[in-house]
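Quick notes on the structure that follows.
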Amino acid sequence: RRTAVLVSGRGSNMAALIEAARDPAYPAEIVLVLSNRPDAGGLERAAAAGIATAVVDHKAHPSRESFEDAMQAALEAHVVELVCLAGFMRILTAGFIARWEDRLINIHPSLLPAFRGLHTHERALAEGVRLHGCTVHFVVPELDAGPIIAQGAVPVFDDDSADVLGARVLQVEHALYPLGLALVASGRARRDGLRVRVDGAKP
Ligand code: GRF
11 RRTAVLVSGR
21 GSNMAALIEA
31 ARDPAYPAEI
41 VLVLSNRPDA
51 GGLERAAAAG
61 IATAVVDHKA
71 HPSRESFEDA
81 MQAALEAHVV
91 ELVCLAGFMR
101 ILTAGFIARW
111 EDRLINIHPS
121 LLPAFRGLHT
131 HERALAEGVR
141 LHGCTVHFVV
151 PELDAGPIIA
161 QGAVPVFDDD
171 SADVLGARVL
181 QVEHALYPLG
191 LALVASGRAR
201 RDGLRVRVDG
211 AKP
């Protein structure tokens with residue numbers, strides 16, 4: 011499936027997806043990296059990997075709708091079928107999300123439904139959880155609330171700082187996101203109401 015990755019920053023998850031998709035047997039092909047920030051590090055990384063890039067700068071648009079229409083045009087120009095958010099820091103409207111229903115996924119650095127929103131590693135430490143991790147999920151209008159496709163867990167140690175814990179989670183993200191995208195792109199993970207069914211996976 012023709013896949014776009016939307017980034018706002020350094021793009022380490024994007025790079026993991028590009029790397030995984032280099033395997034001809036991988037069910038998704040990364041055809042576009044789109045950033046809302048012209049200075050996103052992910053753009054250079056994508057270009058160096060030979061992937062087409064586009065910038066749709068939200069600051070150049072008077073409204074969220076016009077910003078999203080410009081993104082939609084870029085996605086259509088590249089005949090994109092699936093969209094992965096990877097550190098994309100703009101809230102999307104319900105209209106855009108509906109257009110991409112079941113074809114729009116995100117990675118979030120916590121074990122959802124715990125710690126939706128920002129600063130997840132600080133909050134995990136403050137709550138004293140012993141397990142933390144990351145989640146690949148379908149995007150719905152409510153932030154970080156969509157059906158869960160895949161999760162990866164890491165231990166939390168007593169002397170962890172948010173940075174150390176975040177780095178441990180990020181390593182798992184880089185393996186989990188390619189897995190999550192493969193499940194969706196191959197049709198093995200399908201939405202079933204609020205849940206996701208994965209063919210061949212035991213409950
Ligand atoms: C990751 O922690 C991801 O889970 C979150 O934003 C961060 C993006 O990092 N949504 P990168 O740009 O992929 O390196």
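For the sequence shown, UniProt numbering begins at 11 and goes up steadily by one.
Idealized CB from N, CA, C, for every residue including glycine.
Within the same chain, and ignoring the five residues on either side of residue 200 in sequence, the residues whose Cβ sits closer than 6 angstroms to its Cβ are 207. Proximity of the beta carbon of residue 118 to the ligand GRF is indicated: a heavy atom of the ligand is located closer than 7 angstroms. The Cβ atoms of residue 179 and residue 142 lie closer than 8 angstroms to each other. Exclusion of the five residues before and after residue 189 leaves 146, 160 as the residues of its chain whose Cβ lies within less than 8 angstroms of its Cβ. Here residue 21 really is in contact with residue 55; their C-beta atoms are around 5 angstroms apart, less than 8 angstroms.
Within the region 37-87, the complete beta strand (DSSP E) runs of at least 3 residues fall at 39-45, 63-65. In this structure, the straight-line span from the alpha carbon of residue 95 to that of residue 38 is close to 15 angstroms. Boundaries of the alpha helix (DSSP H) harbouring residue 188: 172-195, taken from the DSSP string. Here residue 14 is near residue 85, since their CB atoms are less than 8 angstroms apart. At least one heavy atom of the ligand GRF lies closer than 7 angstroms to the C-beta of residue 183.
Rounded to the nearest whole angstrom, the C-alpha separation of residue 35 and residue 191 is 13 angstroms. Burial is judged here by how many other beta carbons sit within 10 angstroms of a residue's own beta carbon; residue 129 has fewer than 16 and is exposed. CA-to-CA, the gap between residue 210 and residue 202 works out to about 15 angstroms. Rounded to whole angstroms, the gap between the alpha carbons of residue 76 and residue 83 is 11 angstroms.
Short note on residue 96: C-beta closer than 7 angstroms to some heavy atom of the ligand GRF.
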